[in-house]
Amino acid sequence: MTVETRKLAGLAAIWLLLVAAPFWTPLVGGYTALGDRVLVLALAAMSVNFLLGFTGVLSFGHAAYFGLGAYGAGFALKFLAPSTPLSLVCGTLLGGIAGALLGLLIVRRRGVYFAMVTIAFGQVLYYIAFQWSSLTGGDDGLRGFSRQPLDLGFTRIDILSNETAFYYFVLVCFALLVAIMGFVLRSPFGRAMIAIRENERRARFLGLAVERHIWIAFTLSCFFIGFAGALYALVNNFADPRGLHYSQSGDFVMMAVMGGMRNFWGPLLGAVVFVVVQDYLSSVTVNWMSFVGLLFVLVVLFFPRGLLGFIGKRAAA
Amino acid sequence: MTQLLLFNVTNGLIIGAFYVLMALGLSLILNLSNVINFAHGGFLVIGGYIAYAVTPYVGFWGALLIAPPLTAVIGFFVERILIRPLYGRDPLYSLLLTFGLAFIIEDGTRFIWGAQGKPVTVPAMLARPLSMQFFFITGYRLFMVAAAIVVVAALFAILRYTRLGLRIRAGTLDLETVAALGVNVQALRSLNFAAGVFLAGLSGVLAAGQLGLEPTMGTGLLMPSFVAIIVGGVGSLTGTLIGGLLIGVASGLTAVFAPAASEAVIYVLMALILLLRPRGLFGEEGMLT
Amino acid sequence: MSGEGGASGASEAEPTGAILKVDSVSKRFGDLIAVRDVSLAVPRGELRAIIGPNGAGKTTFFNLLSGFFPPTSGRILFDGRDVTLVAAHRRVELGMARTFQITEIFPELPIHENLRIGAEIAAGYALRPWISRAERAAIQRKVEEILDIAGLASKAHRLVGQLAHGDQRIVEIATALTLQPRLLLLDEPTAGMGDQETYAVSKLVRALHRRGDLSIVLIEHDMRVVFNLAERITVLDQGRLLAEGAPAEIAANSAVQAAYLGEAA
């Protein structure tokens with residue numbers, strides 16, 4: 001099997017598993033809603049990886065835009081109109097625009113300084129969501145809204161009560177975003193991003209306006225993760241300030257690392273592992289948090305390339 | 318009004334002194350090893366709980382003497398075993414590691430001592446307010462500030478006048494050259510880390526006396542430390558010092574006019590600095606990584 | 607074409623025919639003066655070598671030229687245009703390309719990808735999410751052309767990180783070529799190389815120069831390369847301009863010899 005065929009086979013396998021999920025997940029002790037969570041969190045992790053794995057930029061505060069996406073969707077459903085597509089748009093815009101603005105401030109920094117600032121900014125937003133309880137519901141989160149059935153004109157899809165229908169809706173959204181992401185990564189823009197990751201100084205001396213490029217990549221990743229956040233609000237019918245906390249950011253980064261940062265599908269694998277492990281652990285022990293922490297430590301020390309990264313290295317051209 | 322202002326500014330300075338202790342520890346580690354120690358809050362908690370554990374035997378003063386060094390020792394081993402392998406790699410990994418460590422510490426303390434807050438008794442002589450006029454300045458708070466001043470002064474003195482301090486300062490600027498000059502960089506980093514953790518542990522003991530003790534207190538104090546470093550300028554300990562005091566005072570002052578925003582104001586300060594002087598007050602130009 | 611004069615504004619084009627004109631640049635780092643009052647002019651199409659003992663400030667000088675950092679004082683004019691404070695990536699757009707002393711390429715990508723990135727950036731496609739088939743073909747042609755010039759065609763699919771040192775350096779030069787520069791700055795292109803590799807790189811540099819539309823300035827330590835290639839040599843010592851002239855003059859210059867005597871070749 002050539003590398004190409006192997007890649008296609010892998011891709012086909014992934015999609016087959018995803019499409020058939022409502023049928024096989026109950027067989028392994030899971031449930032459809034878990035699939036929703038995996039897809040949405042995978043999307044979030046892929047958005048982070050867009051920046052982390054493909055541009056080499058250490059953004060650790062991305063959950064802020066995820067959370068904003070969730071709140072944006074919630075606000076739209078609660079105060080604007082009972083329309084699912086609108087809520088997705090609002091969430092995406094809120095996350096993306098916030099990211100674009102913050103990006104302007106910090107794009108000249110790099111490395112740990114950049115990470116620190118993104119974390120701090122994420123915390124500002126977390127704090128606001130927490131404190132401004134009249135608007136956001138504070139600690140309890142934003143409630144009182146739910147995803148609305150899709151009115152396609154010729155038919156109505158009840159994604160509110162029909163779990164399976166909703167899963168496929170989430171899958172379609174996932175596919176859409178993944179397609180866009182993949183498209184961008186394969187374009188000249190994407191290649192320039194990779195150049196920055198490989199050797200930023202060289203990229204600059206090839207004539208690339210590095211800061212501008214990073215800002216655009218950052219903004220795009222915030223739009224992507226805003227979309228994921230909006231979806232998440234639809235999954236839960238609820239928006240949570242904890243979604244903005246830097247520990248959530250850490251989870252996304254961990255998913256990307258666990259699955260393999262250099263690989264496009266790595267975060268999906270990482271999300272699957274993470275969600276399953278967390279789900280299982282929290283039902284088994286109260287101290288699941290320390291196990292998650294332990295997982296972080298072990299992966300970083302012994303498995304830094306992640307699962308797919310490990311395989312990819314061996315198959316390098 | 319002046320009374321209120323004075324109250325809040327003094328309060329702010331006291332809080333600031335505390336932030337300074339935390340932030341300096343974080344800054345020390347960041348400057349030399351390029352590691353963001355997410356577990357710093359966790360070490361604060363460890364310090365507090367160790368103090369809690371030994372107080373029945375040695376009293377508050379004993380705890381104050383024992384807990385920080387003990388925490389530093391723990392920090393030393395953490396650095397040697399967990400963080401050292403990561404130095405050559407992308408800073409992402411040390412970030413994730415300390416992140417995971419923070420989880421482990423928080424949950425660990427919860428496991429050992431329970432999730433409920435623990436009361437920490439402070440010597441009676443410190444608990445009394447100094448006077449009715451300045452009722453808000455309890456002996457304890459004054460003591461906290463005094464302790465902070467002493468420790469910070471000692472830190473700066475060590476950095477300025479000892480060989481170890483010189484090596485740390487040189488290492489912050491150019492670790493490679495320092496290594497080439499024959500200094501044991503591994504040991505230097507470990508010691509430096511332990512020193513930073515010492516400060517965290519000390520903060521923990523002091524905080525315990527003021528705020529009580531519970532497993533999640535570390536994370537709440539971590540963020541202001543970040544902001545202090547960003548405001549003061551990455552790479553400059555003096556900057557961190559000023560930054561910490563500044564945000565403390567800003568917080569105190571805001572409490573006069575808009576109490577609900579007193580925590581938010583430190584982030585506003587940070588945003589201002591990033592807009593107007595991105596390198597921070599004392600930061601160096603070109604601090605890209 | 608008469609010389610300078612008649613220029614009204616400092617940033618207006620000066621009809622001197624020099625692709626690069628440096629006016630008294632200095633660079634100071636705190637107390638250390640790395641480059642002190644250096645001036646030079648490189649006529650269009652020349653192959654100039656900059657030599658000098660270690661610590662002479664050669665790489666710092668290149669950093670000033672390429673925009674790595676701004677000079678403390680002085681002016682740099684590229685093709686008549688004042689670029690003293692212009693950002694590095696802008697200078698590349700204007701036609702200046704450089705290579706680095708420590709090979710700076712994209713090690714985990716194959717050679718042709720390295721070149722493709724350069725070509726796409728030079729074509730202005732860096733921000734494009736999509737390019738047409740025709741545009742893609744044009745890029746491909748450019749890449750193949752440069753692969754041929756550099757003699758890399760047979761290795762085009764290999765990862766740069768796995769190449770021999772000499773080949774890596776050639777890839778770096780080739781990548782710089784994709785930018786269609788008018789001035790090529792090569793920082794010690796044969797550093798750390800054995801005879802064969804040195805020969806290959808020299809041959810490439812000479813071939814590039816022969817094509818006629820490229821001015822080249824190179825920093826070199828290997829005197830065989832210098833005297834083989836250079837039309838004119840500038841000597842720096844301790845940040846200052848020590849001498850400048852044709853190779854024969856420089857070889858006979860006693861001050862230059864003295865400057866080098868204190869150092870192990």
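Protein chains in written order, with our numbering: chain V, 1 to 317; chain D, 318 to 606; chain S, 607 to 871. Think of the CB as a built atom: it goes at the ideal place given N, C-alpha and C, for glycine as much as any other residue.
Asked: Below-8 Å beta-carbon distance, ARG305/V vs any chain D residue; Found: no
Asked: Alpha-carbon to alpha-carbon, ASP407/D and HIS771/S; Found: 25 Å
Asked: TYR31/V, buried or exposed, once every other Cβ within 10 Å from all chains shown has been counted against 16; Found: exposed
Asked: Cβ of ALA567/D within 8 Å of any chain V Cβ; Found: no
Asked: Residues near ALA813/S by beta carbon distance below 8 Å, same chain, minus five either side; Found: ILE755
Asked: Candidates ILE717/S, ASN660/S, THR784/S and PRO677/S: closest to SER645/S by CA position; Found: PRO677/S
Asked: GLU423/D versus ALA115/V: straight-line alpha-carbon distance, rounded; Found: 22 Å
Asked: Cβ-Cβ distance between GLY535/D and GLY333/D below 8 Å; Found: no
Asked: is_contact[PRO188/V, chain S] using C-beta, thresh 8 Å; Found: yes
Asked: Buried or exposed by the 16-neighbour rule on C-beta atoms within 10 Å, applied to GLY521/D; Found: buried
Asked: Contact set between the segment 672 to 700 of chain S and chain V, restricted to residues whose Cβ is under 7 Å from the partner; Found: SER672, ALA694, HIS695, VAL698 and GLU699
Asked: Anticipated Cβ contact below 8 Å, ILE657/S with VAL832/S, distance rounded; Found: 6 Å
Asked: Min CB distance LEU206/V to chain S below 8 Å; Found: yes
Asked: Unbroken stretches of the beta strand (DSSP E), 3 residues or longer, contained in the segment 800 to 832 of chain S; Found: 821 to 825
Asked: Reduced DSSP category for LEU691/S - H, G, I as helix; E, B as strand; rest coil; Found: coil
Asked: Cβ pair LEU671/S, VAL641/S closer than 8 Å; Found: no
Asked: Simplified DSSP state of PRO716/S, which is helix, strand or coil; Found: strand
Asked: Proximity winner among LEU472/D, ARG506/D and ALA471/D, relative to GLY488/D (alpha-carbon distances); Found: ARG506/D
Asked: Residue of ALA471/D, ALA524/D, GLY518/D and PHE574/D minimising C-alpha distance to GLY364/D; Found: GLY518/D
Asked: THR665/S: first and last residue of the uninterrupted alpha helix (DSSP H) it sits in; Found: 664 to 672
Asked: Beta-carbon neighbours of PRO795/S, restricted to chain V and to distances below 9 Å; Found: Correct list: empty, because the minimum Cβ distance to chain V is about 15 Å.
Asked: Coarse secondary structure for ASP36/V, derived from DSSP in three states; Found: helix
Asked: As assigned by DSSP and simplified to three states, the class of ILE711/S; Found: coil
Asked: Alpha-carbon spacing of VAL862/S relative to GLY661/S, whole angstroms; Found: 15 Å
Asked: Residues sharing a beta bridge with SER133/V, DSSP; Found: DSSP, once it has assigned bridges, lists no residue as partnering SER133/V.
Asked: Partners in chain D for GLN123/V, counting only beta-carbon separations shorter than 7 Å; Found: MET540
Asked: Start-to-end residues for the alpha helix (DSSP H) that takes in SER350/D; Found: 319 to 350
Asked: Under the three-state DSSP convention, the category LEU381/D falls into; Found: helix
Asked: Three-pair Cβ contact test at 8 Å for the segment 142 to 149 of chain V versus the segment 76 to 84 of chain V; Found: yes
Asked: Own chain residues within Cβ distance below 8 Å of GLY56/V, not counting five before or after; Found: ILE196, ARG197, GLU198 and GLU200
Asked: DSSP-derived helix/strand/coil call for PRO85/V; Found: helix
Asked: C-beta contact flag for LEU171/V and VAL40/V at 8 Å; Found: no
Asked: Minimum C-alpha distance to VAL362/D - residue among ILE475/D, GLY529/D, PHE473/D and VAL500/D; Found: GLY529/D
Asked: Backbone CA spacing between ARG242/V and HIS62/V [nearest angstrom]; Found: 13 Å
Asked: PHE218/V vs GLY103/V beta-carbon contact at 8 Å; Found: yes
Asked: Cβ-based neighbour list, PHE393/D, same chain, cut-off 6 Å, excluding 5 preceding and 5 following; Found: SER507 and ALA511
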